[in-house]
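J.:
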Amino acid sequence: MTYFSEKEEGDLPRDKEEVGEGVWGGIKALITARIDDGSFGATYALSCEDRRGPIGTDADALWQAMRAEIPDLQVRVLPPWYHGEDMPRTLDALDMIQFCWRCVGKPIHQSYHPYFQHYHLRFEVEEGREDFRTDINRIFRRNGLAYELKEDGSIERLVPPVLREALASAYFHTRDSELNRMLETARSKIGDPGEEIRREALEKLWDAWERLKTLGTGSDKKSQAIALLDATAGASSPILREALEREARELSWIGNHMQIRHSEKGKEQVAKGEHIDYLFHRLFSLIQVILRLNKEI
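In my numbering, the protein residues as written are 5 to 301.
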């Protein structure tokens, strides 16, 4: 469903990465509602006393299993259906969503049991998962969160739009399989919700850059890099050629003086997630234009 305000004003920018109180309240309410209607009985069933099948969700079993797979919840958060006040970390909240997606199903009433006054249930798992995904993604969208619950139950961080387009259109099919592997690893990790995983993406992209500089036609690394930049700019664009060389030198300098490829004491750390996105986009753009204009690689 699209709200009227979205039609009038457009979507909020999807740039927030912290699950705040309001969002957590909505997620908690969503999980509680699925427990109350028996949806999680698809995996953690509360059974009829006459052993005629599932009749709802065993909430305690669900919580114990969730805590086992998300250990921080053992000390941080009461079960959301017990109206716990403590908020989980953002990464734990996202893990909870993935756990719930895996366990949910749409409950369908079967036979009525008049003695106990309840229905026996069967579950449409795929339909239940899709309904849950739609509701979670609506909460993300309405609150400007940079996350999306995918059809396979994974959660993807939405990178900034300009980088999102570049990543979506890139296809790595160079003759160097190791370079392809490095670039694909960097691309897959930059969309992870965890900041440490995104740092790994940045490191892998810088590794790819160092390898790419050795794939030109020169006799050593320096001449190989020069040949790549010459071919990228072309003979008719000397000003662009100079700009590309300055950019290449600057990015190599950044990689050597910050904690990207090196972790010695005194190297400056990439402090914020936004800095990771900025540096990734800057180098990714350079690599992409080099690959597009050097077909022999």
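Each residue gets a CB set at the ideal place from its N, CA and C atoms; glycine is no exception.
All of these numbers come straight from a predicted model, not from anything done at the bench.
For the alpha helix (DSSP H) that contains I291, what are its first and last residues?
T.: Residues 277-297.
J.: Does the pairing of the segment 126-144 with the segment 152-168 give three or more beta-carbon distances under 8 angstroms?
T.: Touching, per the Cβ criterion.
J.: Specify the secondary structure class of Q121 as computed by DSSP and reduced to three states.
T.: Q121 falls in the coil class under three-state DSSP.
J.: In three-state terms, what does DSSP make of A239?
T.: In the structure shown, A239 sits in coil (DSSP, three-state: anything other than H, G, I, E or B).
J.: Answer with buried or exposed for E308, where buried requires no fewer than 16 other C-beta atoms within 10 angstroms of its C-beta.
T.: In the structure as shown, the chain starts at 5 and stops at 301, and residue 308 therefore has no counterpart that could be examined.
J.: Can you tell me whether T236 is buried or exposed, with buried defined as 16 or more other CB within 10 angstroms of its CB?
T.: T236 comes out buried.
J.: What are the start and end residues of the alpha helix (DSSP H) that includes G30?
T.: First-last of the alpha helix (DSSP H) with G30: 25-40.
J.: So, is V293 buried or exposed, given that buried needs 16 or more other C-beta atoms within 10 angstroms?
T.: Exposed, by the Cβ-count rule.
J.: Smallest Cα separation from L66: which of E160, A46, K208, R55?
T.: It is A46.
J.: So what's G132 in DSSP terms, helix, strand or just coil?
T.: In the structure shown, G132 sits in a helix (DSSP, three-state: H, G or I).
J.: Hey, L287 and L209 are a contact pair by Cβ (cut 8 angstroms); roughly how many whole angstroms apart?
T.: Indeed, because the Cβ distance is near 6 angstroms, the residues count as touching under 8 angstroms.
J.: Does the Cβ of E131 have 16 or more other Cβ atoms within 10 Å, making it buried, or fewer, making it exposed?
T.: It is exposed - the Cβ of E131 has fewer than 16 other Cβ atoms within 10 Å.
J.: Got a sec? Which residues, its chain only, sit under 8 angstroms from L95 by beta carbon, not counting five neighbours each side?
T.: Contacts found: P197, G198.
J.: Could you check if G148 is buried or exposed, using at least 16 other CB atoms within 10 Å of its CB as the buried criterion?
T.: Classification for G148: exposed.
J.: Between D180 and I301, what straight-line distance do the alpha-carbon atoms span, to the nearest angstrom?
T.: About 7 angstroms.
J.: For K303, write down the residues that DSSP places opposite it in a beta bridge.
T.: Within the shown structure, residues of the chain are numbered from 5 to 301, placing residue 303 beyond reach of any answer.
J.: Alpha carbons only, please: which of R145, P92, I112 is nearest the one belonging to V129?
T.: Nearest option by C-alpha distance: I112.
J.: Report the residue from S43, R106, E207, M100 whose alpha carbon sits nearest the alpha carbon of K32.
T.: With distances taken between Cα atoms, K32 lies closest to M100.
J.: Is R56 helix, strand or coil by DSSP?
T.: Reduced to three states, the DSSP call for R56 is coil.
J.: Is the CB-CB distance between W28 and M91 below 9 angstroms?
T.: In contact: W28 and M91 (Cβ atoms closer than 9 angstroms).
J.: Are there 16 or more other CB atoms within 10 angstroms of the CB of S43, so buried, or fewer, so exposed?
T.: Buried, because 16 or more other Cβ atoms sit within 10 Å of the Cβ of S43.
J.: Would F8 be called buried (16 or more neighbouring beta carbons within 10 Å of its own) or exposed?
T.: The residue is exposed, with fewer than 16 neighbouring Cβ atoms inside 10 Å.
J.: Terminal residues of the continuous alpha helix (DSSP H) containing E204?
T.: Unbroken alpha helix (DSSP H) run through E204: 199-216.
J.: Report yes if the CB atom of L171 is closer than 9 angstroms to the CB atom of R191, and no otherwise.
T.: It is a contact, given that the beta carbons lie within the stated cut-off.
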